[in-house]
Amino acid sequence: MPPLADRLDINTESKWQKVWEERQLYNFDEKDKKKPIYSIDTPPPFTSGDLHMGHVLSYAYFDFVARYKRMTGFNVYYPQGWDCQGFPTETKVEQKYGRKPPEEFRKLCVEWTGTCIERMRNQMQSLGFSADWRYQYRTMDPSYHKLVQKSILQMYDSGQIYRGEHPVFWCPSCRSALAKTDTEEAERQTQLHDIKFEIESEGGKKQDLIIATTRPELMHACVAVLYHPTDARYNKLKAKHAITALGSRVPFKSDPDVDPAFGSGVVMVCTFGDKQDVVWMYRHKLPLIKALDERGKIINAPEGLSINGLSITDARAKLLEKFKLEGKLLSSKPLQQVIKVHDRCKKPIELALSWQWFARITQKRDEIVKAARSMRWLPPFAISYLEDWANYVEWDWVISRQRVFGTPLPFWYCSKCDKSIPADEKELPVNPPTMEKKCPKCHSALTPETSTCDCWVDSSVSPLAISKWGVDEKFFKRTYPASLRPQGVEIVRTWAFYTIYRCQELTGKPPFVELLLNGNVLAPDGKKMSKSLGNIIAPDKLLTDYGADSIRIWAALSGAMAKDRPFSYQDIQYAKSFLHKLLNAGKLVQKAVEGYEPKDNDATHLRPIDRYFLHRLHSVVSEANSAWSEYEFQRMTKVTQEFFWHEFCDYYLEYVKYRIYETAADKQHSRRAAQYALYTIYSTVLKLLAPITPHASEELWQMFATKENDSIHLHSYPTPVSRFSSPASVIAGLLLAGIMAEIRQQKSARKLPLNAPVKGLKLGLPAEQAAALPHIEEELKMAGGVQMIECTDSDAISIEVEF
RNA sequence: GGACCCGUGGUGGAAUGGUUAACACGUCGCUCUUACAAGGCGAAGACUGAGAGUUCGAUUCUCUCCGGGUCCACCA
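Count along the first sequence starting at 1, add 48, and that's the number in the numbering used here.
Printed below as a string of structure tokens:
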């Protein structure tokens with residue numbers, strides 16, 4: 049029997065990680081046709097180079113599931129991918145190497161991402177995650193591009209993807225279209241200016257009209273002035289037109305969306321100052337004036353103003369100066385305003401009309417919700433994030449981005465025929481800007497699409513990527529839909545939403561059976577972890593201080609699903625102490641079972657107290673299994689820990705010690721029975737915990753290993769065994785615990801040492817307990833140090849201790 | 001403005017339509033007994049945010065309010 053590790057730390061853990069990898073312990077068995085397949089559509093993390101605690105929590109969750117499922121007879125398919133292409137990488141690579149031609153730049157991004165993946169993969173392995181790395185995918189690989197492009201072509205053919213000119217969120221700083229989910233809000237101080245317009249009543253009579261605006265620089269794009277229909281100040285005027293401060297004549301109309309309490313109750317509609325302007329433009333069929341170019345510079349202003357080409361702020365200053373001179377600027381007041389900014393560069397976003405590629409999600413909202421409802425959501429309320437989003441989403445999904453490091457959109461454009469030309473499926477993957485193509489109709493040279501896909505276009509086909517959709521039909525049938533989709537609750541409306549939409553659309557089937565949602569990990573102070581607050585907890589530091597299994601126990605105990613939870617050093621400290629206890633108890637058990645192999649015959653000599661603890665084990669195993677079926681890691685871990693520490697260690701080990709050291713020939717039956725129980729209980733606890741604490745369980749399992757290269761992870765998960773349960777042994781077990789507790793309490797009250805002998809024990813017992821007393825007398829004497837026992841009949845249990 | 005989640009001892013957090021509301025950390029005593037002082041034993045500490053209702057009985061169900069959080073919409 050190999051000696052146990054002195055401590056269960058990161059060294060023991062990495063030892064086992066290497067062994068597991070060498071033995072390819074977690075491989076999915078493609079050839080196995082008997083075991084049911086359990087496939088996990090794991091989240092591909094963005095390749096930032098570092099895992100954060102949110103990853104750790106989420107990935108621990110499904111690693112628990114993967115390990116549990118393997119032990120319960122499933123052929124677990126657990127691939128891991130990487131979401132590579134994204135704006136932050138471009139930013140970092142540009143910072144490091146400067147601007148480069150697209151193809152060279154792309155290569156640098158791939159290289160950079162490769163090193164990031166290396167680091168993150170090492171972190172995952174240090175945490176004991178049991179992915180099958182043979183199936184790793186990277187969204188930047190040609191094979192992945194091929195998949196994404198194939199999916200786009202198919203959706204283009206079915207009319208789900210189209211090119212169109214629509215108002216989109218536009219980042220002038222990054223010069224790219226954005227989806228709503230790429231935006232966030234920022235508060236800022238701005239000025240609200242009252243500017244003098246005029247209204248023109250019937251017959252050409254003019255009077256002053258005051259308009260409040262924060263964006264005077266867009267005034268040349270003003271196409272209407274609106275007021276609320278019930279606003280008495282304006283609805284009686286019967287005016288048809290307004291004259292802007294720049295002198296243009298625009299319609300003067302009523303609209304229910306105008307807030308009569310804001311400013312002067314009238315609003316100028318500029319195409320486009322904000323989203324409301326877009327709504328109004330379509331509603332009132334207003335003309336469109338493009339006021340800004342793609343860099344956010346003013347265009348289309350009257351020459352006389354000479355603001356064309358100026359930045360927004362410069363143009364604003366210039367115009368205000370002009371209005372002031374003309375007496376049209378009546379006042380300027382500070383205004384606290386919330387504006388949309390790009391979540392990557394934090395610069396303000398504009399709305400712009402632009403040619404982009406779209407996916408028709410607005411048509412499909414009901415189908416998406418229906419597909420989502422066909423899955424099991426854990427916890428159930430999490431589906432409401434998706435339903436809310438589906439019911440309110442107003443615009444189609446902009447899937448094109450004006451970036452370099454992304455999946456190229458497989459299209460060309462013929463300006464003569466005015467048509468988009470898709471790539472031929474046979475030539476995928478394609479990068480249009482590097483290819484010359486002629487129009488199949490008119491044979492003129494085609495313009496390549498230079499935009500790339502939004503990163504969610506890549507990640508929303510992860511279930512298809514892992515199931516080899518379009519590549520290996522048999523494999524696809526076996527692994528799609530994924531049994532489990534684990535993910536963070538904050539990306540339900542992006543990753544889950546787009547994945548359900550796209551996969552349903554492409555395959556006609558919903559992509560998952562169950563979804564398991566996790567919340568965010570907050571800093572110990574309950575706030576969001578952020579660099580600026582300096583409250584970030586790094587997994588690497590926790591690994592060296594506490595080890596992977598402690599982190600995993602922390603994750604398992606980390607509260608309810610889909611709820612944010614502060615990180616707790618108390619919890620992880622408890623986890624570490626628990627592992628220490630597990631090891632130390634293991635040392636005693638090892639001594640006890642040295643050279644012992646369990647035989648059924650030994651079970652016939654079990655003492656009632658042994659039976660009681662085997663019965664308790666049975667209950668714990670039952671509850672653990674039921675908790676697993678609901679993914680209640682906390683309940684599963686808790687019930688096992690409580691039993692192990694506060695029943696098995698605190699009581700049972702004390703009860704049986706004397707039997708372990710027994711040498712008398714006539715007591716060997718009793719000794720072997722104790723060995724049998726110790727062996728059974730301890731090894732079962734290790735197995736119960738194996739999915740949570742794979743390293744500790746493996747290390748300690750070695751005392752039971754009977755063959756070379758045995759691993760606890762190749763064994764079956766414990767199932768309840770009730771044959772040792774009997775009412776009499778339960779009464780005996782509870783009675784003994786009650787008496788022992790009373791003795792300890794009395795010793796403590798009298799400040800006696802715990803090993804002080806008990807001269808006499810006077811018990812008053814009801815019939816049931818009195819009948820059980822002979823079963824536990826031996827334990828009372830040997831483990832409790834009781835010298836004399838007296839028992840009288842009584843209705844209730846009474847215990848008197850004499851020292 | 002709308003939706004959802006939540007409010008339990010000093011702290012973090014379980015659980016339940018019904019006997020003294022887990023557990024951990026922390027605190028206070030005692031204790032190095034040959035698996036473990038990163039341990040053992042004992043103790044103190046919660047009228048489960050406020051109010052009302054349903055009920056024989058609510059911390060658990062309903063409503064209102066207060067407080068915290070998340071998401072969505074809008075902000076001329």
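Where a beta carbon is used, it is the ideal one built from N, C-alpha and C, also for glycine.
Sub-8 Å separation of residue i and residue j beta-carbons
i, j, result
"residue 518", "residue 195", "yes"
"residue 728", "residue 662", "yes"
"residue 165", "residue 123", "no"
"residue 197", "residue 496", "no"
"residue 586", "residue 740", "no"
"residue 265", "residue 334", "no"
"residue 690", "residue 664", "no"
"residue 314", "residue 282", "yes"
"residue 346", "residue 337", "no"
"residue 482", "residue 151", "yes"
"residue 520", "residue 570", "no"
"residue 743", "residue 344", "no"
"residue 154", "residue 452", "yes"
"residue 480", "residue 456", "yes"
"residue 599", "residue 104", "yes"
"residue 376", "residue 293", "yes"
"residue 545", "residue 437", "yes"
"residue 326", "residue 399", "yes"
Residue nearest to residue i in terms of C-alpha spacing, selected from the options
i, options, result
"residue 464", "734, 486, 457, 449", "486"
"residue 401", "220, 576, 749", "220"
"residue 55", "576, 626, 658", "626"
"residue 697", "706, 724, 343, 634", "634"
"residue 462", "442, 491, 449, 475", "491"
"residue 581", "129, 572, 454", "572"
"residue 307", "291, 653, 278, 297", "278"
"residue 171", "592, 292, 776", "592"
"residue 59", "186, 439, 174, 214", "174"
"residue 406", "505, 325, 353, 435", "505"
"residue 523", "160, 92, 183, 71", "183"
Proximal residues to residue i (C-beta, below 6 Å), its chain only, five neighbours per side dropped
i, result
"residue 533", "89, 560, 563"
"residue 74", "178, 180"
"residue 594", "620, 624"
"residue 765", "119, 120"
"residue 76", "125, 180"
"residue 568", "102, 612"
"residue 768", "666, 669, 670"
Length of the line joining the Cα atoms of residue i and residue j
i, j, result
"residue 535", "residue 135", "22 Å"
"residue 131", "residue 238", "38 Å"
"residue 409", "residue 632", "58 Å"
"residue 287", "residue 299", "9 Å"
"residue 606", "residue 574", "14 Å"
"residue 445", "residue 516", "25 Å"
"residue 509", "residue 558", "12 Å"
"residue 493", "residue 484", "8 Å"
"residue 276", "residue 309", "10 Å"
"residue 679", "residue 108", "12 Å"
"residue 203", "residue 243", "49 Å"
"residue 775", "residue 651", "17 Å"
"residue 753", "residue 683", "29 Å"
"residue 529", "residue 475", "28 Å"
Other residues of its chain near residue i: CB distance less than 7 Å, five sequence neighbours each side excluded
i, result
"residue 397", "217, 218, 219, 226, 231, 388, 389, 390"
"residue 842", "812, 813, 814"
Contact set for residue i: own chain, Cβ-Cβ below 8 Å, skip 5 residues either direction
i, result
"residue 240", "260, 261, 262, 311, 380, 381, 382, 383"
*Could I get the ranges of all uninterrupted alpha helix (DSSP H) runs contained in the stretch 248-303, with 4 residues as the minimum, in chain order?*
Runs of the alpha helix (DSSP H) lying entirely within the stretch 248-303 and spanning at least 4 residues, in chain order: 280-283.
*asked:* At 3 residues or longer, what runs of the beta strand (DSSP E) sit wholly inside the stretch 354-409?
replied: As for any beta strand (DSSP E) of minimum length 3 sitting wholly inside the stretch 354-409, the runs are 377-390, 398-407, ordered along the chain.
*Report the residue ranges of all beta strand (DSSP E) runs contained in full by the stretch 466-542; include only those spanning at least 3 residues, in chain order.*
467-470, 530-536, all fully within the stretch 466-542.
*asked:* So within the stretch 770-833, which uninterrupted alpha helix (DSSP H) runs reach at least 4 residues, ignoring any that extend past its ends?
replied: Complete alpha helix (DSSP H) runs here, min 4: 775-797, 815-830.
*What runs of the beta strand (DSSP E), each 3 residues or longer, lie entirely inside the stretch 408-472?*
424-426, 459-462, 467-470, all fully within the stretch 408-472.
*Taking only runs that begin and end inside the stretch 67-121, name each unbroken beta strand (DSSP E) of 3 or more residues, in chain order.*
Under the rule that a run must span 3 or more residues, the beta strand (DSSP E) segments found entirely inside the stretch 67-121 read 85-87.
*Let me know the alpha helix (DSSP H) ranges lying completely inside the stretch 582-610, each 4 residues or longer, listed in chain order.*
Listed in chain order, the complete alpha helix (DSSP H) runs (minimum 4 residues) inside the stretch 582-610 are 587-594, 596-604.
*Kindly provide the ranges of any alpha helix (DSSP H) runs that are 4 or more residues long and lie completely inside the stretch 697-746, ordered along the chain.*
Segments of the alpha helix (DSSP H) lying fully in the stretch 697-746: 701-708, 716-737.
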